Amino acid sequence: MQIFHRQIARAWSALMIALAALILAPATVAQAQYGVGARTAAALPERGEFFLGLFNDGERDGFMRLGWIKQEDGVILYDRTMMPSTEVYETLAFNLAPDLQFETIHLEFHRGTSYMNLDLEFADGRATGNRVILRLEDVEVQPVDEAIPEGTLPRPIAFIMPLVMGEEEGVQESFHWYGPLGNAFADVTVTAYPGGMIDTPAGRFDTVRYEIRGGTPDNDVYVTRGDDRRVVRIDVIGQDVQFLAVSESEAAGS
Numbered sequence: 002m003q004i005f006h007r008q009i010a011r012a013w014s015a016l017m018i019a020l021a022a023l024i025l026a027p028a029t030v031a032q033a034q035y036g037v038g039a040r041t042a043a044a045l046p047e048r049g050e051f052f053l054g055l056f057n058d059g060e061r062d063g064f065m066r067l068g069w070i071k072q073e074d075g076v077i078l079y080d081r082t083m084m085p086s087t088e089v090y091e092t093l094a095f096n097l098a099p100d101l102q103f104e105t106i107h108l109e110f111h112r113g114t115s116y117m118n119l120d121l122e123f124a125d126g127r128a129t130g131n132r133v134i135l136r137l138e139d140v141e142v143q144p145v146d147e148a149i150p151e152g153t154l155p156r157p158i159a160f161i162m163p164l165v166m167g168e169e170e171g172v173q174e175s176f177h178w179y180g181p182l183g184n185a186f187a188d189v190t191v192t193a194y195p196g197g198m199i200d201t202p203a204g205r206f207d208t209v210r211y212e213i214r215g216g217t218p219d220n221d222v223y224v225t226r227g228d229d230r231r232v233v234r235i236d237v238i239g240q241d242v243q244f245l246a247v248s249e250s251e252a253a254g255s
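FYI, the numbering for the sequence shown is 2 to 255, going by the numbering used here.
Have a look at this one:
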């Protein structure tokens, strides 16, 4: 009987060691990325949006409107950006799964007398569709058939994620992003640092600064502290371009 009990004890000990190794083992890249998307989506309210004025070398030069809408079967993520000095206007809409994985993308990008339409569908680890470039003198159709690594998230998620990340210095999230405008992929990290008091056309705010590093260009996102958090400034690193909070009346009427 004592031998039997010792055998049971050894078997139980081996099982606990195996379980501990499984629990403590590093997550795969795909597991970690799926976790980031699911956690971010779960923490976001049902819908939200921020409207920021675009300032080019200190002068007002357009705007950015970025928002999301949760639905029963997923999330709509949208972006509207305009820079009149360069005759640029972008409208972008993602249909995403509940964990923020890609389902479809629709992008329209206007610059001068030319514009581009991009429509993509995602299935079985690939993005397929067409990029159509329309110029005054011709139309160019570029077929798209691109492998998309598991767990890849839309680039704009990096600007929304700070709204639901912790405020403590050093808090960090990492993921792989895809930016459809430049067909760009990047491994990025979003890290929290003290932002201090910053001034914007909408007023003065005490902030947390979230560094987005690894993409091109890098960005700093400033988010207010407390319960009712909002993005009040985005810096484009290496360029004289900032996005700043504007008055509520302008944001509401735009």
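For every residue, glycine included, the Cβ atom is placed at its ideal position computed from N, Cα and C.
All figures in this text were calculated on a predicted structure; none of them were measured in a lab.
Asked, Found
"Hey, would you say F160 sits closer than 8 Å to V237, going by beta carbons?", "no"
"I think P202 touches G63, with their Cβ atoms under 8 Å apart; what is that distance to the nearest whole Å?", "The pair is not a contact, with the Cβ atoms about 14 Å apart (cut-off 8 Å)."
"Between the alpha carbons of P144 and N184, how many angstroms are there, rounded?", "13 Å"
"Given R214, which residues of its chain have a CB within under 6 Å of its CB, disregarding the five upstream and five downstream residues?", "T190"
"Which of the three DSSP states is assigned to M166 in this structure?", "coil"
"Is there contact between the stretch 43 to 58 and the stretch 68 to 84, where contact requires at least three CB pairs shorter than 8 Å?", "yes"
"Can you tell me whether E174 is helix, strand or coil according to DSSP?", "strand"
"Helix, strand or coil for V247 per DSSP?", "coil"
"According to DSSP, is G183 helix, strand or coil?", "coil"
"Assuming R210 contacts L164 (C-beta within less than 8 Å), just tell me the rounded distance between them.", "Actually they do not touch by this definition, with Cβ atoms about 14 Å apart."
"Look up E91 in the DSSP assignment and give the residues it is bridged to.", "T82 and F110"
"A128 CB to nearest chain B CB: under 8 Å?", "You won't find chain B in this structure, because it holds only one protein chain."
"Could you tell me which residues DSSP pairs with D200 in its beta bridges?", "R205"
"List the whole-angstrom C-beta distance separating G130 from E122, where the pair is believed to meet the contact cut-off of C-beta under 8 Å.", "6 Å"
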